[in-house]
Amino acid sequence: MANIAFIGLGNMGGPMAINLVKSGHEVCVFDLSEAAVAQVTEHGANTKDNAQDCVKGAQFIVSMLPAGKHVESVYLTAETGLINHIEQGSVVIDSSTIDAATSQKVAKALAEQKIGFVDAPVSGGVGGAIAGTLSFMVGGSKIEFEQVEPILNTMGKNIFHAGEHGAGQIAKVCNNMLLSVLMVGTSEALQLGLANGLDPKVLSNIMSKSSGSNWTLDVYNPCPDVMDNVPSSNSYQGGFMVDLMAKDLGLAMDTAVSSQSSTPMGALARSLYAMHAGSGNGNKDFSSIFNLFNK
Ligand code: NAD
52 MANIAFIGLG
62 NMGGPMAINL
72 VKSGHEVCVF
82 DLSEAAVAQV
92 TEHGANTKDN
102 AQDCVKGAQF
112 IVSMLPAGKH
122 VESVYLTAET
132 GLINHIEQGS
142 VVIDSSTIDA
152 ATSQKVAKAL
162 AEQKIGFVDA
172 PVSGGVGGAI
182 AGTLSFMVGG
192 SKIEFEQVEP
202 ILNTMGKNIF
212 HAGEHGAGQI
222 AKVCNNMLLS
232 VLMVGTSEAL
242 QLGLANGLDP
252 KVLSNIMSKS
262 SGSNWTLDVY
272 NPCPDVMDNV
282 PSSNSYQGGF
292 MVDLMAKDLG
302 LAMDTAVSSQ
312 SSTPMGALAR
322 SLYAMHAGSG
332 NGNKDFSSIF
342 NLFNK
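Residue numbers (my numbering): 52 to 346.
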């Protein structure tokens, strides 16, 4: 069993840290929110007054923070940055979804202090974090991947080595860009059927057994009351927020610009999600884009 520090205990980080505790690791947790810390310490994690004290003696440091600026400041800020407090030979696992350039910058700075790093963004949402069934897309050396794999196995079910530092983040933005395009397409197809008198349950059943079948239609249907236990049947509460999808699509577009890639469907999906977020839907699940096509 390992000594692990966990920084960032929000919707995703909280349950991920609890799963590490449940599998017997010694876990010290820290978050700016005391309430978030309390939710994990009641499951047996330790805490300290600050992140710097938490990482002392930790072999692995996991972070689950909102965006690149948080990750850069937590690790690299002069004096208070964890780079000055993590012990040599330890490995940082950053599971936040951020830009690949920041991951690579943090990896390089840590390597100079003989500290390992992997970017390991996740797919599977809050449900996957609670159930311990997340997919991890890991960027780092083969040795770093082998070091972190057993730790990631306690929080996830599919652990992929995507390539070198930053590759995990690239895999994540590709996946989420595709997911957004599928969600928009599924939504407009269902609304077209509804507007022409079809029962959305019947139409969903037909398309999911036909060539239109896809995850957003079959598992995460955006039309209310077609399926139980999905956000669309719960007023679009829970799940994956529109604001986070809009953030990921911004990352996808930055990645496309820097590699001069053509991503017209992703660009349209980014605009639609930005518009949807701007209309006050930022806190709803991303399947609520369905309502944009209401007649
Ligand atoms: P969240 O906002 O619920 O949690 C972020 C946590 O980080 C908060 O508790 C906040 O207090 C803490 N934090 C911020 N700055 C900090 C600092 N300097 N020190 C310590 N703690 C700090 O976000 P989330 O939903 O848990 O998402 C985290 C990351 O995971 C994001 O990058 C997101 O894109 C990604 N992600 C989220 C989902 C999802 O379904 N929510 C799915 C996949 C990936």
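Heads up, the beta-carbon is just placed ideally off N, CA and C, and yes, glycines get one too.
DSSP puts residue i in a beta bridge; with which residues?
i, result
"residue 113", "57, 144"
"residue 169", "144"
"residue 65", "Residue 65 pairs with nothing; no bridge assigned."
"residue 210", "187"
"residue 336", "292"
"residue 98", "80"
"residue 174", "186"
How long is the line joining the alpha carbons of residue i and residue j, rounded to whole angstroms?
i, j, result
"residue 337", "residue 287", "8 Å"
"residue 115", "residue 82", "10 Å"
"residue 194", "residue 201", "13 Å"
"residue 86", "residue 188", "29 Å"
"residue 181", "residue 68", "10 Å"
"residue 124", "residue 101", "14 Å"
"residue 324", "residue 223", "18 Å"
"residue 177", "residue 208", "14 Å"
"residue 167", "residue 216", "11 Å"
"residue 244", "residue 53", "54 Å"
"residue 165", "residue 146", "20 Å"
"residue 151", "residue 134", "19 Å"
"residue 363", "residue 136", "In the structure as shown, the chain begins at 52 and stops at 346. Residue 363 is therefore absent and cannot be evaluated."
"residue 252", "residue 184", "28 Å"
"residue 296", "residue 327", "11 Å"
"residue 39", "residue 97", "Outside the displayed span of the chain (52 to 346) sits residue 39, for which this structure offers no information."
"residue 290", "residue 278", "14 Å"
"residue 307", "residue 227", "13 Å"
"residue 138", "residue 225", "34 Å"
"residue 292", "residue 60", "17 Å"
"residue 231", "residue 247", "25 Å"
"residue 305", "residue 174", "20 Å"
"residue 111", "residue 197", "13 Å"
"residue 79", "residue 309", "38 Å"
"residue 99", "residue 84", "13 Å"
"residue 88", "residue 103", "15 Å"
"residue 334", "residue 311", "32 Å"
"residue 313", "residue 149", "21 Å"
"residue 117", "residue 259", "34 Å"
"residue 329", "residue 346", "20 Å"
"residue 129", "residue 199", "27 Å"
With distances taken Cα to Cα, identify the nearest neighbour of residue i among the options.
i, options, result
"residue 113", "192, 100, 66, 177", "66"
"residue 63", "192, 224, 101, 206", "206"
"residue 140", "80, 321, 109", "109"
"residue 339", "283, 329, 222, 218", "283"
"residue 190", "143, 249, 103, 279", "143"
"residue 92", "119, 58, 120", "58"
"residue 274", "254, 291, 264, 111", "254"
"residue 171", "78, 326, 219", "219"
"residue 156", "119, 226, 173", "119"
"residue 192", "294, 272, 279, 169", "169"
"residue 315", "229, 291, 277, 179", "229"
"residue 131", "55, 105, 88, 225", "105"
"residue 331", "310, 341, 294, 313", "294"
"residue 153", "329, 129, 122", "122"
"residue 56", "148, 346, 107, 280", "107"
"residue 272", "256, 117, 199", "256"
"residue 276", "341, 221, 95", "341"
Closer than 8 Å, CB to CB, is residue i near chain B or not?
i, result
"residue 96", "Considering every chain present, this structure includes no chain B. It has just one protein chain."
(request) Say whether the stretch 296-307 touches the stretch 207-214, bearing in mind that this needs 3 or more beta-carbon pairs closer than 8 Å, one atom from each stretch. (result) no
(message) Under 8 Å: do the stretch 72-82 and the stretch 153-172 share three or more Cβ pairs, one atom per stretch?
(response) no
(message) With a threshold of 8 Å, are at least 3 pairs of Cβ atoms found where one atom belongs to the stretch 314-331 and the other to the stretch 231-251?
(response) yes
(request) Decide if the stretch 265-275 is in contact with the stretch 236-250; the criterion is three or more beta carbon pairs, one per stretch, under 8 Å apart. (result) yes
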